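Peer 1:
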């Protein structure tokens, strides 16, 4: 039985991770850590009373996990990252904090499940992979959607010629504005629409185009309100000339669509990246002047991502596959950033 801990009582950890974890009998929830004064990234002008209120709130959130799932409360991130009572660590912290705590966990012999993106820099991701390899540890970046049955089902439909020869893929993912104190608007915490929404598109583009994927162009757009990118776009091409056009944003009307335009028809679907447990996605097929709506499989992508993580823990072959996937994602993300800085729009 693998003892797993959670670093930070985040909303996604409580709402999505814990229910999914309970489905996997190979793991036992061992505990959760909340931030102490040194762990939390306070604004420099915040007074002590407000800081203490936030820390107390984090402790209260952690208690909710214990009340519902058992386990132990750890009074700092360090405590859980080095604890001999923890085999594996799930890290749902803001992206800028991933590298530090994942590295400490790996150096202390723990398998690591990271929320996306793994880190903010290719060199940091490569460092984590190197440590994980040396210690035969699993390192998994939690892009859950890749495990959803609808992805494989759509791929089969396309392979079987439902739209003919594919001329173009279009993917779009964006969501409405969040509260101003959300970490996604904080550059120091790794905020920005590319890291939060754009990473999904990069990941799916690499699945559609394969290892020969190459970035044709990228663009990042800002607004006057925040110092992070708010929306952007890109195009990717493989060695066969197949193209994926991608657009993302985080102050947008909600959109989570895939469009496959082919020589004989077109397929579109509206929850390609975010279908929750139990939701039955649909695809619209247009061909020969006719339109058909088909049901796609429902699934629990989070639970299956955890299951894949467990397979990586048990199998060197699976771990190597995981390292390669994370490395490719980080490389494409860095190429996107380098290209976009040349034509940055504010």
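Residue numbers (our numbering): 83 to 428.
We treat Cβ as the ideally placed atom computed from N, Cα and C, and that holds for glycine.
Everything numeric in this text was worked out from a predicted model, so none of it was measured.
#1: Mapping the DSSP letters down to three states, classify residue 318 as helix, strand or coil.
#2: Within the segment 97 to 143, note down every full alpha helix (DSSP H) run reaching 4 residues or more, in order along the chain.
#3: Go ahead and label residue 295 buried or exposed: buried means 16 or more other beta carbons lie within 10 angstroms of its beta carbon, across all protein chains shown.
#4: Who are the Cβ neighbours of residue 229 in its own chain at under 7 Å, not counting the five residues just before and after it?
#5: Is residue 235 near residue 195, with beta carbons less than 9 Å apart?
#6: Whether or not the segment 243 to 257 and the segment 329 to 346 are in contact is what I'm after, with contact meaning three or more pairs of Cβ atoms, one per stretch, closer than 8 Å; do they touch?
#7: Per DSSP, residue 327 forms a beta bridge with which residues?
#8: Checking 9 Å against the spacing of the C-beta atoms, do residue 286 and residue 253 come in under that value?
#9: Whole angstroms are fine: how far does the CA of residue 265 sit from the CA of residue 154?
#10: Measure the Cβ-Cβ separation of residue 210 and residue 90 and say whether it is below 9 Å.
#11: Taking just the CA atoms, how far does residue 135 sit from residue 355?
#12: Cα separation between residue 238 and residue 118?
#13: Three or more C-beta pairs closer than 8 Å, one from the segment 367 to 381 and one from the segment 258 to 277: is that the case here?
#14: In the DSSP output, which residue or residues are listed as bridge partners for residue 154?
#15: Would residue 187 and residue 220 qualify as a contact pair, given that the criterion is a beta-carbon distance under 9 Å?
#16: Should residue 257 and residue 336 be called a contact, given that it needs their Cβ atoms to be closer than 9 Å?
#17: Would a C-beta distance cut-off of 9 Å place residue 115 and residue 146 closer than the cut-off?
#18: Would the segment 359 to 366 count as touching the segment 307 to 319 if we require 3 or more Cβ pairs under 8 Å?
#19: Enumerate in chain order the residues of its own chain whose CB-to-CB distance from residue 92 is below 6 Å, with the five nearest sequence positions on each side excluded.
#20: Hey, residue 349 and residue 245 are a contact pair by Cβ (cut 8 Å); roughly how many whole angstroms apart?
#21: When the distance is taken between beta carbons, is residue 302 closer than 9 Å to residue 422?
#22: Distance check for residue 282 and residue 367, CA to CA, integer angstroms please.
#23: Across which residues does DSSP place residue 343 in a beta bridge pair?
Peer 2: Considering the structure as presented:
#1: strand
#2: 100 to 103
#3: buried
#4: 383, 386, 387, 390
#5: no
#6: yes
#7: 252, 317
#8: yes
#9: 27 Å
#10: no
#11: 36 Å
#12: 49 Å
#13: no
#14: 113
#15: no
#16: yes
#17: no
#18: no
#19: 174
#20: 5 Å
#21: yes
#22: 24 Å
#23: 250, 348
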